[in-house]
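Reading through the structure tokens given below for one structure.
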Amino acid sequence: RYLDLYIRPESDKAKREEVMREWYRNRLKDQIPELVAKWEGGLAVKIEDWGVKLMKTKWGSCNIEDRRIWLNLELAKKSKQCLDYVVLHEMVHLKERLHNDRFKALLDKHMPGWQSVREELNEVVF
262 RYLDLYIRPE
272 SDKAKREEVM
282 REWYRNRLKD
292 QIPELVAKWE
302 GGLAVKIEDW
312 GVKLMKTKWG
322 SCNIEDRRIW
332 LNLELAKKSK
342 QCLDYVVLHE
352 MVHLKERLHN
362 DRFKALLDKH
372 MPGWQSVREE
382 LNEVVF
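262 is the number of the first residue of the sequence shown in my numbering; add one for each residue after it.
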């Protein structure tokens with residue numbers, strides 16, 4: 262797949278990168294609300310807020326006290342299934358803080374085969 266990017270001729274590399282980041286951010290912001298609503302219903306949890314930011318070493322994070330999740334901007338370059346998995350993973354933390362057997366059982370229940378999606382995510386190096 263290709264994306265044609267039209268910017269002013271005087272734009273430098275930094276400006277082109279900024280335009281691309283915003284395009285990716287907007288792409289994610291269009292997809293995330295549907296996934297959050299899906300997992301709020303499926304998990305019977307409610308998040309207060311979510312956001313997108315560039316992260317160097319992880320795909321997402323969850324602040325349990327604030328009920329806020331952050332998703333890595335780089336998810337825009339992955340399949341929707343990967344995004345779905347990360348949203349689910351972070352929201353499961355609202356039910357179970359640790360990556361223990363209960364946490365994994367919740368992932369198994371709501372997304373059988375989640376391990377293969379995680380493997381796909383981890384094929385890339387940040």
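Ideal Cβ positions, reconstructed from N, Cα and C, are used throughout, including at glycine. In this text, all values refer to a predicted model and were calculated from it rather than measured experimentally.
Assign Gly302 to buried or exposed, taking buried as 16 or more other Cβ atoms, counted over all protein chains shown, within 10 Å of its Cβ. exposed
Would you kindly work out how many angstroms separate the C-alpha atoms of Phe387 and Asp369, rounded to a whole number? In this prediction, Phe387 scores a pLDDT of 49, lower than 50, which makes its location untrustworthy; no coordinate-derived value is stated.
Which residues in the same chain have their Cβ closer than 6 Å to the Cβ of Leu355, if we skip the five residues on either side of it in sequence? Val306
So, is the C-beta of Ala305 closer than 8 Å to a C-beta in chain B? Chain labels in this structure do not include chain B; a single protein chain is all it has.
Rounded to a whole number of angstroms, what is the C-alpha to C-alpha distance between Lys280 and His371? With the sequence shown as reference, residue 280 is identified as Val, and Lys is not the correct amino acid for it. Rounded to whole angstroms, Val280 to His371 spans 36 Å at the Cα level.
If you follow the alpha helix (DSSP H) that Trp284 is part of, which residue opens it and which one closes it? Lys274 to Leu304
For Leu382, which option in Asp273, Glu351 and Cys343 has the closest C-alpha, if you only look at C-alpha atoms? Cys343
So what does DSSP say about Phe387, is it helix, strand or coil? Since pLDDT at Phe387 reaches only 49, below the 50 mark, its modelled position is unreliable, and the value read off the structure follows with that caveat. Coil at Phe387, not helix or strand.
Helix, strand or coil at Leu367 [DSSP, three-state]: helix
If you compare alpha carbons, which of Leu264, Ser272 and Arg288 is closest to Ala337? Arg288
First and last residue of the uninterrupted alpha helix (DSSP H) at Arg450: With the chain covering only 262 through 387, there is no way to say anything about residue 450.
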